[in-house]
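Notes for the one structure printed next.
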């Protein structure tokens, strides 16, 4: 997901940060969670007992009534024998009927946004089954998409209906029945969208069919041939103008590029979307080939800012560079590219290819994706510009709460997962001080965890293995605690120069992090220890490298 507009003002709100930090210290994660939070966020036995293999979703949309009617066939593998399972659908949506493979009606009970289906006898372990849910209703309307999402019922300037769907965080069960837990993705998916003629429906994957149906409707059949996050499943409906291009990878493979835009914006789109191919080349360099090759890459114009919908990236940035015309970094570098194209496409690698198992670990999506913006800049403009851009992001960190949130309750951690997350990775690159290993880690993550859901522990273990050292305390401090490490230091001048004393102040007792400083023309590597002062005799006063590391400095007198 793209960063919220309020983050744009972060650098102008430093006066508030002390108050925010104080409150965060007092309340931490003391917020209360409900039974509904647990039903949504926990992989309880009635969810863990089955593994989704395939979704076959069919919806028919009534624009006049703002309603939909549909079915979802859920094909699943039985992990542990069971006779009762949980499926998710928001309580405002009506469940008309639930049936088994053979058409037998199955009883169900509802509890808020979850419902529980009972079979007459236990389904055998290892078997494959199909559950069919028939449903209808008026889906939630988006309040502030994509952050507070749902259905965005809009009209174009000429009065044509224009629909966009976004639901990250809120959950895909806001509009279609599914196992709404990030840990379980279908291996593939079919989406059939029926809309009134002459409207066109763009969903995820590849368009494989288009047929006329009753009532002057058309059905658009899309097929996703890869695993997909539930919240990435989307519908985009209006009179679209379509144009296409291709991208050729380093190995000669050709990727289809598909663009769906409002007719009035066709010329602007042709110009603005020229940023796509250089971006794909940069991301291929650092992360490997685009991960959903068979389905193609697509940008779809939407009535909201943007979203990383897999193989159907939502685009609403007005065909201008920056973030709605502004530069989130405050450095000017962000005006050199279209933020929505670069950031949301980065999620095809970080978030769609590699996906977290729990919303609390969304840093895996957002931190790496925000960092990918800087790598794109480095690829196109050089390391100095990328470092300048990230230094700008350092000024917009809140340190209000830990980046990793509470597990099992469908709750995110701090929004610092964007800017702070990116500068944490930048800091680690400089601490590691070995770019071949660093880039091997980034590309290796995308290859070795390709199309998988992962945990923080898996990501850190992989980094440790590739780096040849246990960096767990480093990531624990930065991700699981509110503040970054504090370098406490003291300078005592003398005739020969100065005595420079230093140590780390951290929440993690075994924290280690070597950093470089300058003394005159000399660059020195120091290795502060947690809570243990060391002293160096320097010929010149030390100079810190604030663009290299996201740390706090605290001088003692």
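In this note's numbering, the protein residues as written are 1078 to 1634.
Glycine included, each C-beta is placed from N, C-alpha and C at the ideal position.
Quick one: grab the DSSP three-state call for residue i.
| i | result |
| --- | --- |
| residue 1238 | strand |
| residue 1534 | helix |
| residue 1503 | helix |
| residue 1420 | helix |
| residue 1459 | coil |
| residue 1446 | helix |
| residue 1647 | Not covered by the structure: residue 1647. The range shown for the chain is 1078 to 1634. |
| residue 1103 | Because the pLDDT of residue 1103 is 37, which lies under 50, any placement of that residue in the model is unreliable, and the question is left without a value. |
| residue 1542 | helix |
| residue 1622 | coil |
| residue 1614 | strand |
| residue 1341 | helix |
| residue 1229 | strand |
| residue 1178 | coil |
| residue 1197 | strand |
| residue 1582 | strand |
| residue 1122 | helix |
| residue 1359 | helix |
| residue 1559 | coil |
| residue 1425 | coil |
| residue 1081 | coil |
| residue 1598 | coil |
| residue 1258 | coil |
| residue 1019 | Here the chain has residues from 1078 to 1634 only, and residue 1019 is not among them. |
| residue 1497 | helix |
Which value, in whole angstroms, describes the spacing of the CA atoms of residue i and residue j?
| i | j | result |
| --- | --- | --- |
| residue 1528 | residue 1569 | 55 Å |
| residue 1120 | residue 1591 | 39 Å |
| residue 1231 | residue 1315 | 10 Å |
| residue 1140 | residue 1522 | 43 Å |
| residue 1552 | residue 1545 | 15 Å |
| residue 1624 | residue 1583 | 20 Å |
| residue 1241 | residue 1392 | 11 Å |
| residue 1365 | residue 1371 | 15 Å |
| residue 1249 | residue 1278 | 18 Å |
| residue 1125 | residue 1293 | 42 Å |
| residue 1301 | residue 1261 | 16 Å |
| residue 1614 | residue 1329 | 57 Å |
| residue 1576 | residue 1560 | 27 Å |
| residue 1177 | residue 1162 | 13 Å |
| residue 1616 | residue 1596 | 7 Å |
| residue 1233 | residue 1272 | 16 Å |
| residue 1477 | residue 1109 | 18 Å |
| residue 1338 | residue 1319 | 7 Å |
| residue 1466 | residue 1571 | 38 Å |
| residue 1357 | residue 1405 | 22 Å |
| residue 1524 | residue 1518 | 10 Å |
| residue 1196 | residue 1160 | 5 Å |
| residue 1122 | residue 1499 | 36 Å |
| residue 1127 | residue 1149 | 16 Å |
| residue 1600 | residue 1361 | 34 Å |
| residue 1443 | residue 1414 | 19 Å |
Verify whether the separation of the beta carbon atoms of residue i and residue j is less than 8 Å.
| i | j | result |
| --- | --- | --- |
| residue 1424 | residue 1385 | yes |
| residue 1080 | residue 1453 | no |
| residue 1469 | residue 1417 | no |
| residue 1620 | residue 1594 | yes |
| residue 1263 | residue 1167 | no |
| residue 1164 | residue 1216 | no |
| residue 1456 | residue 1427 | no |
| residue 1282 | residue 1388 | yes |
| residue 1238 | residue 1284 | no |
| residue 1450 | residue 1480 | no |
| residue 1287 | residue 1274 | no |
| residue 1554 | residue 1588 | yes |
Assuming residue i and residue j form a contact by the criterion Cβ under 8 Å, report the distance between their Cβ atoms to the nearest whole angstrom.
| i | j | result |
| --- | --- | --- |
| residue 1489 | residue 1227 | Between residue 1227 and residue 1489 the Cβ distance is about 18 Å, and since that is not below 8 Å, they are no contact. |
| residue 1208 | residue 1151 | 5 Å |
| residue 1461 | residue 1567 | About 32 Å separates the two Cβ atoms, so there is no contact after all. |
| residue 1312 | residue 1280 | 6 Å |
| residue 1501 | residue 1627 | 6 Å |
| residue 1303 | residue 1374 | That pair is no contact at about 13 Å. |
| residue 1253 | residue 1147 | 7 Å |
| residue 1204 | residue 1144 | Not quite, the Cβ-Cβ distance comes to about 36 Å (not below 8 Å), so this is no contact. |
| residue 1395 | residue 1401 | 7 Å |
| residue 1550 | residue 1581 | 10 Å between Cβ atoms; not a contact. |
| residue 1376 | residue 1336 | 5 Å |
Contact between the stretch 1259-1268 and the stretch 1346-1355: three or more CB pairs below 8 Å? no
Tell me, please, whether the stretch 1414-1433 touches the stretch 1529-1536 by the rule of three or more beta-carbon pairs shorter than 8 Å. yes
Using 8 Å as the threshold, is the stretch 1182-1190 in touch with the stretch 1130-1137, meaning 3 or more CB pairs across them? no
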